[in-house]
Each structure stands twice: as C-alpha cells, then as structure tokens.
DNA sequence: GCCGTTTTCGGCCCGACTGTTTTCAGTCG
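In the numbering used here, the protein residues as written are 6 to 568.
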C-alpha cells in the first residue's frame, strides 16, 4: 500500500494519454497513433487493478490489449514522474484554444477548431454559449451541433454491453478481493436499460467499512462520494458511478425489490401494497423477492418491466405478459456475408447459426446503392439466390433464407426491381442515406416503402447510434398503424449501439398489434451473441414470444411474409 | 502506436454522395 502521495488513479493516467491523443497533429500519418493512445486510455479506464501498482510491481503492461512498448513506456513515465515529457512539449506548442478543447476527450478538435474559426470564438465557454443560442446548428448544421452537445455533456453513460463487462469486473472484485458473501447487480443494469450511468450492487458483508476502503482502491483510486453504515457511492475510473448497498440474508429479497425498480416503480409498489415499510413490518423480513410478492398479493414482476408503467397494476390483476426469452429464438433474420460487408461466407454464417441451434438464417446483404458497404448489384443477387437454392438442396442443418437488406431510397422506393424482390423469401428494408429529411418526410418515405408488397421488415427504424448520433425522427404511431394494415413488421436491431427499435418504440409497435423480428444484424459469426441485447429490449417493451417473428418455425413464418 | 491461425512490415475498411459546401470535409455500414 502506498503512503504519503495520493496514488494516481487509472482515470488520471488515462486522461493524460487522451489529452496527448487530442494534441497530436492531425495529419494522416498520425491518425492511427492518435487512435492508439485513445484506445489505450479506454483500456486503462476499464481495469480494476491499479495501473500504478502494476508499474511498481514491474508487471508487464503489454499483456493488456492496446498497450505496446511505446504506450507502456509512456505509462511508466507518468507513474514514476507524474508527467509525460512528450505531452508537456505538445502542450507548450499548442495554441490555447486547442488546449481548452483537449479537456473534452469526446470532442473532435478538428471540427471544433472549424467552429471556432467560423464563429470567431476561441474557447469552450463561448462554444457552450453558441450551442445554447442555437447558432452552431444554424450556421454549421444540426449534425455539428449534436457532436458538440455530446462532446460537452457531463454524463458519462456506458452502453449496456460495456457496462456488462465492467459489471462482471466489479462483481469479481467484490467477491474475490473484498470477500463479500454475496454481490448481486441491481438497478438499471438489472432492468437492462440501454445506457447505464451508474452500476448498483447489493452486497452481504459483516465489515462494510473495510469493503469501502477496498473499493477506494478499485481502478487505482475510486472517489468515495458519500457513505453511511448501509450504503456508499463512488465515482469510478470508468467515469460512471458505483452504488453499493448492504443487505442481510434475512432482508435480501426486499432489498432487491427496493434497489432494482425505478423510483416510479417502487412508489407504485408501495401504493399497491399499503406501503412497503408497513408490509415489511407486518409480514417481513423477506429473504427472497418471491416471498415479498406473495405477501403483497402480487405476481412476480420481471426486472425488465420494473419501470413504473402499468406493471404493478397488471401484477395485482395477474395480467403480466410472459416475456420472450433468448431460448425462444429459432432463427436469425438479418445477417451479412462477404457478398457485401460481412466477414464470413454464407456457408460459414449458416454453420455459425447451426452452432447456436438456429433452424434458419436469412442472408441479408446490402443492396446495390449502398456502395460503401459493397452493396450487391442486381445480377449478383440473382446468382446468390441460385447459389443458396443449391446449398439448401444439399440439406444443410440450417435452412438458408434468400433475402437482402434493401435500401429505402430517398423517395421511398426500394433499391431492387420488383421482379428480383419477388424471388426473395422476405426482405429487410432500411434507410441508410438522407438522414437529414424531417419527421414528416421520413415518415412518408417509410409509408411509401411499406406500400411495396415485397416490403416485409423495417430494419433499424430510426437509424440511431447510441451516444453517437440520434436517429432521424419518425411518426412511430402512424407507421405502426400502417404496418398493421399493410402486413409489415418491425425489427429490434440487437447491435449494442443501435438497439433500435428502442423499448419505448417497441412498446408502441407491439401495442398496435405488429410483430417484431429480434435481429442481430450480424456481420460476423460471433455477432449472434448480441441477440441477448435485442431480447432485453423486447422484454422491456413487454413483448411475448407470440409477438416475435423469429420465434416461429420457418413453415409458419413464411406465411406471414406473403402479402 | 498496435498488431499477427495469411504478415515482425504494412495494414489499420472504403468511396460515392451531400451540403454543414462555394471546393472540401463529413457521412453512411
């Protein structure tokens, strides 16, 4: 244990690497160098071990991904001297505006400098003013304004799949290093929300003060923000919060209930049971959640539903949905191959699907207009159709479905002629261009597309990329109604940075009586793993197996695709 | 600067389209 000087947290070391990456000249040969520093910084933030301790113990830092000899030396220099000569030199050479920008690692210096020039400003504080006044959006466009907004935002949310990784790291730390008897994730990560701003754990321990001091060493140093005898809140190097709450074996169940649901949910639970405290006093304590629900006269509520909509009332009336689960999926309806921008052949993808016990896989390579993704020209798709027919004749373990991810063009027409679309088993139709159209334009574009009788599933309906880019606006109610009438379906795209439909939109679509496909949009065999994230969102939307297209065997599913 | 079941050097998408343009940088998967 170090004494005297405060230890450098992983976060502080990562900050220096990140700043270095921001200040490196933006020419082409340095592009990958900048990326390397950035990647290494992200790696450091995700670690539970103290980098400083590792350096002092002469551990080999190059064992960690993204850290090679160059960055190892830089880290060692930072730990030993508290600074980095290379960084100091860059700092002394950089103009003030760039130094100012480099405090915000999410901002792209090049773009921000352009804004500075254009609006005749030279500091982040002016940038904030111009953002709030709407001037950036007006003069440089919405996209640029969005970039600045994201870059300046103080929230440091993680995507659910990143949070999952951090969550297991923390859980291992609590169990292996802190020796707690039990540690269970609660809060938003247990509800499977798409973005996570704080990790919450319920733990069982006899010595909470010593656990707190151990967690303060997590990731080099974690700042204790608050604590009392039963709970504590930390700021982690990963830039999100960690909430810890202590419970005992006897009251574990009620503590799970109280710390898993959203505030609104817990309030509604109280109202439905005549007050949580009163219920606990009269019939508690509750060691399991099941005990609690039984005593409260409620059916078990799945964590994904504990948001405070109508789930408590439905639990009281015994009308909760039986949510779809990962094992209900019988096939994949959205997968790319080497024919467009995937990384595996059709056959490899089919084998991958077989290895996760799928009955079918739809091959949905990009259509001809999407040049960047190597979209398949019409004549090539004709060949691919015949090729897949021959593969299926050889009776593989998995039925390969002939399909395409067909671009919805600016005017709502589809990117292949009808005589070709007709030959496909079904289509996934998506927007990949002209994101700038307004809500009415996008909605009518999609409505027109749905009017094509070969339109089956709307892929990633809003085009959002979480933490990167908001989707274009659509009138989801109108589209859901139209889909219902026209016999079209929606996709829940499982890609962890899309999760599009959102749970909110999936709820609306489902309420309109429209089925959804839970699709991974796989570009590699390993991507089938992400199916769980789509299932999570479907469950948050209250979707049952019967509303999921790919829970059906192909001989039933194919009937739904005939219009 | 990192990385390797084609590589210890030469890669790390790419390329047509759009508009934040007024001639080049950002964007889409």
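Ideal Cβ positions, reconstructed from N, Cα and C, are used throughout, including at glycine.
Exercise for the section: Write down the C-beta distance between residue 456 and residue 435 rounded to the nearest angstrom, noting that I regard them as a contact closer than 8 Å. Expected result: The Cβ separation is near 16 Å, so there is no contact.
Practice task
Would you kindly check if the distance between the Cβ of residue 559 and the Cβ of residue 365 is under 8 Å?
Solution key: yes
Exercise for the section: Go through its chain and collect everything with a Cβ distance to residue 565's Cβ below 6 Å, but skip five positions before and after it. Expected result: Annotation for residue 565: no residue places its beta carbon closer than 6 Å to its own, counting only its chain and skipping 5 residues before and after.
Problem - Boundaries of the alpha helix (DSSP H) in which residue 295 is found, first to last residue - result: 294-301
Problem - Of the listed residues 49, 428, 260, 13, nearest to residue 85 (C-alpha basis) - result: Closest by alpha carbon: 13.
Exercise for the section: Please go through the stretch 456-542 and give each complete beta strand (DSSP E) segment of 3 or more residues, from N-terminal end onward. Expected result: 494-498, 521-524
Problem - For residue 210 and residue 9, the rounded distance between their alpha carbons - result: With a pLDDT of only 39 at residue 9, under the threshold of 50, the placement of this residue in the model should not be trusted, and no figure is reported.
Exercise for the section: With DSSP collapsed to three states, give me the class of residue 245. Expected result: coil
Practice task
With a cut-off of 8 Å on the beta carbons, I'd call residue 240 and residue 114 a contact; round off their distance for me.
Solution key: The Cβ separation is near 26 Å, so there is no contact.
Handout entry: Nearest-angstrom Cα separation, counted from residue 368 out to residue 527
Key = 10 Å
Exercise for the section: Can you check the stretch 170-215 for any alpha helix (DSSP H) of at least 4 residues that lies completely inside it and give the ranges in chain order? Expected result: 193-196
Practice task
Give the secondary structure of residue 368 by DSSP, where H, G and I count as helix, E and B as strand, and everything else as coil.
Solution key: strand
Handout entry: Assumed close pair residue 598, residue 306 - CB separation to whole angstroms, cut-off 8 Å
Key = Given a span of 6 to 568 for the chain in the structure shown, any question on residue 598 remains unanswerable.
Exercise for the section: Can you tell me which of 518, 513, 287, 385 puts its alpha carbon nearest to the alpha carbon of residue 542? Expected result: Nearest of 518, 513, 287, 385 to residue 542, Cα basis: 513.
Exercise for the section: Pick out whichever of 358, 414, 417 has its Cα sitting closest to the Cα of residue 3. Expected result: The structure shown does not extend to residue 3, since the chain is modelled only from 6 through 568, so no value can be given for it.
Exercise for the section: State the start and end residues of the unbroken beta strand (DSSP E) segment that holds residue 553. Expected result: No beta strand (DSSP E) holds residue 553; DSSP gives it neither H nor E.
Practice task
Determine the direct distance from the alpha carbon of residue 199 to that of residue 567, and round the result to whole angstroms.
Solution key: 33 Å
Handout entry: Beta-carbon contacts of residue 304 that lie in its chain and below 6 Å, excluding the five residues immediately before and after
Key = 320, 323, 325
Handout entry: Segment limits, alpha helix (DSSP H) that includes residue 271
Key = 268-278
Problem - Identity of the residue in 375, 250, 97 nearest residue 421 by Cα - result: 375
Problem - Exposure label - residue 144; buried when at least 16 CB within 10 Å - result: That one is exposed.
Problem - Proximity winner among 131, 193, 224, relative to residue 174 (alpha-carbon distances) - result: 224
Practice task
Assign residue 381 to one of two classes, buried (16 or more other C-beta atoms within 10 Å of its C-beta) or exposed (fewer than that).
Solution key: buried
Problem - Run of the alpha helix (DSSP H) containing residue 152, from where it starts to where it stops - result: 147-157
Practice task
Alpha carbon to alpha carbon, how far is residue 258 from residue 295? Give it in angstroms, no decimals.
Solution key: 8 Å
Exercise for the section: Spatial neighbours of residue 162 within its chain, please: CB distance less than 8 Å, with the 5 preceding and 5 following residues excluded, ordered by chain position. Expected result: 200, 201, 202, 245, 472
Problem - For residue 398, the residue or residues it bridges with in DSSP - result: Residue 398 pairs with nothing; no bridge assigned.
Practice task
Output yes or no for whether 8 Å exceeds the beta carbon distance between residue 548 and residue 328.
Solution key: Yes; because the gap between Cβ atoms is below 8 Å, this pair is in contact.
Handout entry: Pairwise C-alpha distance: residue 517 and residue 406
Key = 28 Å
Handout entry: beta strand (DSSP E) runs wholly inside the stretch 48-104, at least 3 long, in chain order
Key = none
Exercise for the section: Measuring alpha carbon to alpha carbon, tell me which of 378, 393, 215, 372 ends up nearest residue 418. Expected result: 372
Practice task
Could you pull the start and end residues of the beta strand (DSSP E) that residue 228 belongs to?
Solution key: 228-232
Handout entry: Coil, strand or helix - residue 412 by DSSP
Key = DSSP places residue 412 in the strand class (E or B) of the three-state scheme.
Practice task
Given a cut-off of 8 Å, decide if residue 522 and residue 554 are closer than it, judged by their beta-carbon atoms.
Solution key: Contact flag set, yes.
Exercise for the section: Report back the beta-carbon spacing between residue 129 and residue 135 to the nearest angstrom; my notes put them in contact at under 8 Å. Expected result: Rounded, the Cβ-Cβ distance is 11 Å, inconsistent with contact.
Handout entry: Beta-ladder partner(s) of residue 433, from DSSP
Key = In the DSSP assignment, residue 433 forms a beta bridge with 410, 462.
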